[in-house]
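> Chains A and B, in that order, give the protein sequences.
Heads up: the first sequence at position 285 corresponds to 285 in this note's numbering, and the numbers run straight through without jumps.
Heads up: the second sequence at position 65 corresponds to 1065 in this note's numbering, and the numbers run straight through without jumps.
Heads up, the beta-carbon is just placed ideally off N, CA and C, and yes, glycines get one too.
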Amino acid sequence: MKPIESPPCGCIRTPSGRNRQRLVRNLVLFIPGLALWWLVYSRLDPVSRFLTYDLFGLSRDSHLGETVQFFIFEVPKVMLLLTLIVFLVGIIRSFFTQERTRRYLAGKRESAGNVMAALLGIVTPFCSCSAVPLFLGFVQAGVPLGVTFSFLIAAPMVNEIALVLLYGLLGWQVAAIYLTSGLVIAMVAGWIIGRLHLEGWIEDWVQEMRAGEAVVMEEKLTWADRIERGRIAVRDIVGKVWPYVVAGIGVGAAIHGYVPEDFMASIMGKDAWWSVPAAVLVGIPMYSNAAGIVPIVEALLGKGAALGTVLAFMMSVIALSLPEMVILRKVLKPKLIAVFIAVVGSGILFTGFLFNMLF
Amino acid sequence: MKIVICGPGCASCEKAKKTVEQAVQDRGIDAIIEKETDFAEMAKMGIFSTPAVVIDGEVKCVGRAPERSEVDTWLS
């Protein structure tokens, strides 16, 4: 790999004095910002009640009242959580690049590699449209196929936004279950795909590809740069996903207010064994942002849906998406895509059944 | 000057293209801006994450859309 000499992205050389100035300015904005964040966050419940029941004069027991209060409470709450987390993750991600991840994984053997790839999948910046070049880079660097898949499964499945929203809306237990099962599925599914030795099912042009040496950006980031990255992440990600969040909470609010208590128990409850495979099948062609799906999950759980079923639905929606399959088709033969869907789908199915049994 | 924007055409690639186009226009630079969507061609240049910006054969940025201020330093 050849490092680049000229100043790469984000590395506009500034005298260290100016850097310190930027850091101080960032911190001066950051600390009161955090205090304000906490103040608003802790006042949301009483304010939403005041607005709905006193100002708008809606009845506390009416469907409309419950729906409106849910919406007024959840939208700012989720947006506040989202902003804080995207900011922090933006800073964390400035420590990880795809180049660095590829270098870590290149020398790894299978089992340890699967574990590491799944963990790196959480923190490495990744979007499904860069799945193909990432795949090519991993192949070129000699990362085993199964390890590559562990990464490709974990990166979308264990989504930091979903994780934090689950924590905020449903408590740490559900968040921990989601994190653990997502990681285990990515590790085991990648390991199985590796054991099957399916290298022949990669498209031929990938095997014959004459790739150049990977360009590596040696970035020297200061803390001021990293905080700046966090700010850019908030602008880009929150700016993009907020309509999904509002739509998701809207659907959630309607379910919360209008769907009768325990209505979901009959179709998505524990006793309906077929609900888990049905949830996975319905989830595969659906594609939603993780931020939009969690409020719906919360509302379904509140109406008696079983945890395993809802979790399976959510994982299937965010981890197995049609657009990503179409993109991966460029480098994988259809047989390998089918194996990928089958292995990950079975993992999700197993998780769903397991948690329906445990809780 | 020849500028190549590499990427399959997702949101962040479009953003990279717009930022570069705007900068070129504002600075009145005579440059040809091309899009590269073929992953094999990108691999030949050593690009394994998108979007990427290549100016006169030199890779300037890999794996994220650049900010306007960065583009300005490359063009000056």
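#1: Just grab the DSSP bridge partners of B:K1002 for me.
#2: Please tell me whether B:T1050 has its Cβ less than 7 angstroms away from any Cβ of chain A.
#3: Is it buried or exposed, A:D225, if we count other Cβ atoms within 10 angstroms and call 16 or more buried?
#4: Are the segment 129-148 of chain A and the segment 192-210 of chain A touching, with three or more C-beta to C-beta distances below 8 angstroms?
#5: Cβ of B:M1045 less than 7 angstroms from any chain A Cβ?
#6: Can you tell me whether B:C1013 sits near the ligand GTP, meaning its C-beta is under 6 angstroms from at least one heavy atom of the ligand?
#7: Here's the rule I'm using: 16 or more other beta-carbon atoms within 10 Å means buried, otherwise exposed. How should A:E5 be labelled?
#8: Taking the C-alpha atoms as reference points, what is the distance between A:P156 and A:I318?
#9: Per DSSP, what kind of secondary structure is B:C1010 in: helix, strand or coil?
#10: So who's on the other strand from B:C1061, going by DSSP bridges?
#11: Below 8 angstroms between beta carbons is the criterion; list the residues of the segment 1055-1071 of chain B that meet it against any residue of chain A, in chain order.
#12: Do A:V215 and B:G1046 have their C-beta atoms closer together than 7 angstroms?
#13: When you compare each of A:L34, A:C127, A:K108 to A:F87 by their alpha carbons, which one comes out closest?
#14: If you reduce the DSSP assignment to three classes, tell me which class A:L281 lands in.
#15: Exposed or buried, which one is B:S1076 when buried takes at least 16 other CB atoms within 10 Å?
#16: Look at the Cβ atom of A:L416, then the Cβ atom of A:V339, and state whether they are nearer than 7 angstroms.
#17: Measure the alpha-carbon distance for B:V1004 versus A:I177 and round it to whole angstroms.
#18: Quick check: is the beta carbon of A:P133 nearer than 7 angstroms to any beta carbon in chain B?
#19: What does B:S1012 touch in chain A if you count any residue whose Cβ is under 9 angstroms from its own?
#20: Helix, strand or coil: how does DSSP classify A:P15 here?
#21: Does any residue of chain A bring its CB to less than 7 angstroms from the CB of B:A1040?
#22: Taking C-alpha atoms, which residue in A:F95, A:V24, A:F50, A:V297 lies nearest to A:F73?
#23: What residues are listed by DSSP as bridge partners for A:I255?
#24: To the nearest angstrom, how far is it from the Cα of A:V139 to the Cα of A:Y287?
#25: So is A:R24 buried or exposed if we call it buried at 16+ other beta carbons inside 10 Å?
#26: Straight-line CA distance for A:I85 to B:S1049?
#27: Determine, for A:G137, whether the minimum Cβ-Cβ distance to residues of chain B falls below 7 angstroms.
#28: Any idea which residues DSSP pairs A:I202 with across the strands?
#29: Tell me which residue opens and which closes the alpha helix (DSSP H) that B:K1044 is part of.
#30: Let's see if you can read the secondary structure: which residues bound the alpha helix (DSSP H) around A:M264?
Here's the rundown:
#1: B:I1032
#2: yes
#3: buried
#4: yes
#5: yes
#6: As far as ligands go, the structure on display features none, and thus does not contain the ligand GTP.
#7: Because A:E5 sits at a pLDDT of 43, beneath the cut-off of 50, its placement in the model cannot be relied upon, and the following sentence gives the value as read from the coordinates. Classification of A:E5: exposed, given that the 10 Å Cβ count is below 16.
#8: 7 angstroms
#9: coil
#10: B:V1053
#11: E1058, V1059, K1060, C1061, V1062, G1063, R1064, P1066, E1067, S1069, E1070
#12: yes
#13: A:L34
#14: helix
#15: exposed
#16: What is shown of chain A runs 1 to 359, which leaves residue 416 of chain A out entirely.
#17: 44 angstroms
#18: yes
#19: C127, C129, S130, D236
#20: The predicted model places A:P15 with a pLDDT of 47, which falls under 50 and marks its position as unreliable; any figure quoted below should be read in that light. DSSP places A:P15 in coil when its eight states are reduced to three.
#21: yes
#22: A:F50
#23: BP columns for A:I255 are empty, so no partner.
#24: 28 angstroms
#25: Going by the sequence as given, residue 24 of chain A is Val instead of Arg. Result: exposed.
#26: 24 angstroms
#27: yes
#28: A:L332
#29: 1039-1044
#30: 263-268
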